[in-house]
Every structure is written in structure tokens, then in C-alpha cells.
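**Q** Counting from 47, one number per residue, gives the positions in the sequence shown under our numbering. Quick reminder that beta carbons are idealized off the backbone N, C-alpha and C, glycines included. Treat the numbers as computed from the prediction; the structure is a model and nothing was measured. Pasting a structure below so you can have a look.
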Amino acid sequence: MADDRSSGEPIDVLVRSSRELLRPEELVREVTRDIVKDEIRRHLDKTLHDDPKLEHDLREAVRDLLAARAAEYAAVLRVGTATARLGLAALPPEVRRALTKDLVELVSKELGQIVERSL
């Protein structure tokens with residue numbers, strides 16, 4: 047019995063993707079969602095424009111949130127660094143030396159690539 051699914055041939059892929067692109071109900075849903083989002087955005091912008099203190103408070107709160115997230119990421123990085131140092135300290139000296147050497151080479155290589163890309 048033949049399988050109704052496409053065989054994965056390029057023409058089958060094109061036909062299937064064309065059918066998916068031509069779904070009018072999806073387009074209508076997306077356009078409607080965009081219109082609703084635009085109307086909500088306009089209303090919120092007007093509300094903020096009409097109440098400068100509220101706009102200032104919101105901007106300050108967002109700034110605080112971004113600063114808190116940055117502090118969180120910095121703390122996570124410090125925890126990761128301390129954990130790596132703990133792992134290295136727990137290794138036998140000869141393994142620690144070899145691993146440290148490999149890590150230094152890897153970091154040097156990565157930093158070199160970052161510098162090259164930034165030039």
C-alpha cells in the first residue's frame with residue numbers, strides 16, 4: 047500500500063511548504079493578532095503620555111529590572127568561576143597542572159579569535 051506522505055524529494059518539499067504558506071486562516075489570525083497588538087500598544091502609549099509620572103516610574107522600574115538581571119548574571123558567573131576553581135583545587139597536582147595548561151591554551155585561543163573578529 048502506498049504511503050500518502052511526501053518522499054522528501056525537493057519538489058515534494060516545495061509543494062508541502064507552498065500549501066503551508068497558503069493557509070488563509072493562519073494569515074487572518076496573524077493579521078488580527080497584529081492589529082490587536084497595535085491597538086493595545088497605542089492605548090498604552092497614550093496612557094503613558096497622559097501620565098508622565100507613571101511613564102517615569104515604569105522606565106525606572108524597567109531600568110532597575112535590567113540592573114538586577116545584570117547583577118544576577120554576574121553572580122552566576124562568579125559562582126561558576128568559584129565552582130571551577132573548587133574543581134581544580136580538588137584534583138591531584140599533576141592532573142591540575144595539565145588541565146590548567148589546557149585551559150590557558152583554550153582561553154588564549156578564544157581571546158585571540160575575539161580580538162581578530164573585533165578588528
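Between which two residues does the alpha helix (DSSP H) harbouring ALA121 extend?
**A** On the sequence shown, position 75 is the one that residue 121 refers to. Start and end: 98 to 135.
**Q** Give me, in chain order, the residues of the same chain whose beta-carbon lies closer than 6 Å to that of ASP49; leave out the 5 immediate sequence neighbours on both sides.
**A** The count along the sequence shown starts at 1 and reaches residue 49 at position 3. Confidence at ASP49 is low in this model, with a pLDDT of 48, below 50, so its placement is unreliable and no value can be given for it.
**Q** Three-state secondary structure (DSSP) at MET47?
**A** Working through the sequence shown from its first residue, we reach residue 47 at position 1. Confidence at MET47 is low in this model, with a pLDDT of 44, below 50, so the placement of that residue should be treated as unreliable; the coordinate-derived value is given next. Coil, per DSSP.
**Q** PRO138 by DSSP, collapsed to three states: which one?
**A** Residue mapping note: residue 138 aligns to position 92 of the sequence shown, counting from 1. Coil, per DSSP.
**Q** Compare the beta carbon distance of LEU145 and LEU137 with 8 Å and say whether it is the shorter of the two.
**A** Stepping through the sequence shown from its first residue, residue 145 is reached at position 99. Stepping through the sequence shown from its first residue, residue 137 is reached at position 91. Taking 8 Å as the Cβ cut-off, LEU145 and LEU137 qualify as a contacting pair.
**Q** Per DSSP, what kind of secondary structure is GLU76 in: helix, strand or coil?
**A** Counting from one through the sequence shown, the residue named residue 76 turns up at place 30. DSSP places GLU76 in helix when its eight states are reduced to three.
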